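Here is the structure we will look at.
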Amino acid sequence: MRMLSKININNANLEEEFFPFFHVENCFDKELDSSELLRDFPSINAGGSFPTEKLSQGPLKNLIEELEGAEFKSIIEDKFDINLEDTEVITTLRGFSRSKDGQIHADSKSKIVTVLIYLNPDWDHQKGNLRLLKDNKNLDNYIKEIPSEIGNLVAFKVTANCWHGFKAYEGKRLSIQLNYVNPQSASSHRFRHTISSKIKQILKRP
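This note's numbering numbers the first residue of the sequence shown as 779 and each following residue consecutively.
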């Protein structure tokens, strides 16, 4: 079963005034029961990124495999008019936002494109929504705010000025992050995520 709505993603407008990005309000196929993704999402009670390699087969794993596949890569290539043939894909999960998260930043040069999908069934908070920014000084000077509700997808080309962040929020906040990265950087990205995940597991033990 297809997980993503190719039509909705293809129809999304690319905005380029400050840096290239596009937003899809409902990125999932209309036949998908999104509650299955939520049931499949692992319990994450610490901040930061967690690798997906150990996920068991199920709806969430199927979604990640589709995101990492050739068809989705082709859509991203067409959207941003770039060649991702020689890149590698790093996918991580986030399940908890710390009060220190969301500070304004631009992604590292080792990343070429960042894709974020939010998986929160209800989001009535004023904080915690990603803002794509016009500069690196003010969270209120934003181009667009991306809702954290389930099905929202945002993808942006990594540039020196791809500033983004969100107003500090602490609590459950589910998302998938996919990055197309330079091959020479892929192993270091994976190593950092794996080590970070293991340290967090150790620290939360009684």
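All residues carry an ideal CB built from backbone N, CA and C; glycine is no exception.
Remember, it's a predicted structure, so these values are computed and weren't measured experimentally.
Around the beta carbon of R909, a 10 Å sphere encloses 16 or more other beta carbons of the protein chains shown; the residue is thus reported as buried. DSSP places K912 in the coil class of the three-state scheme, outside both helix and strand. Taking every protein chain shown into account, the CB of N907 has 16 or more other CB atoms within 10 angstroms, so this residue is buried. Contact annotation: the region 866-880 does not touch the region 801-810, with fewer than three C-beta pairs closer than 8 angstroms.
Distances from the CA of N930 to each of E803, F796, M779, P798 were compared; the closest alpha carbon is that of E803. For S813, the enclosing alpha helix (DSSP H) stretches over residues 812-818.
Here I854 is buried: its Cβ has 16 or more other Cβ atoms, across all protein chains shown, within 10 Å. L841 and S953 have their C-alpha atoms spaced approximately 12 angstroms apart. If you draw a straight line from the Cα of D879 to the Cα of H801, it is about 22 angstroms long. In the displayed model, K839 falls within a helix according to three-state DSSP.
Around the beta carbon of G943, 16 or more other beta carbons lie within 10 angstroms, which makes this residue buried. For E849, the enclosing alpha helix (DSSP H) stretches over residues 848-858. Taking a 10 Å sphere around the C-beta of A938, we find fewer than 16 other C-beta atoms and assign the residue as exposed.
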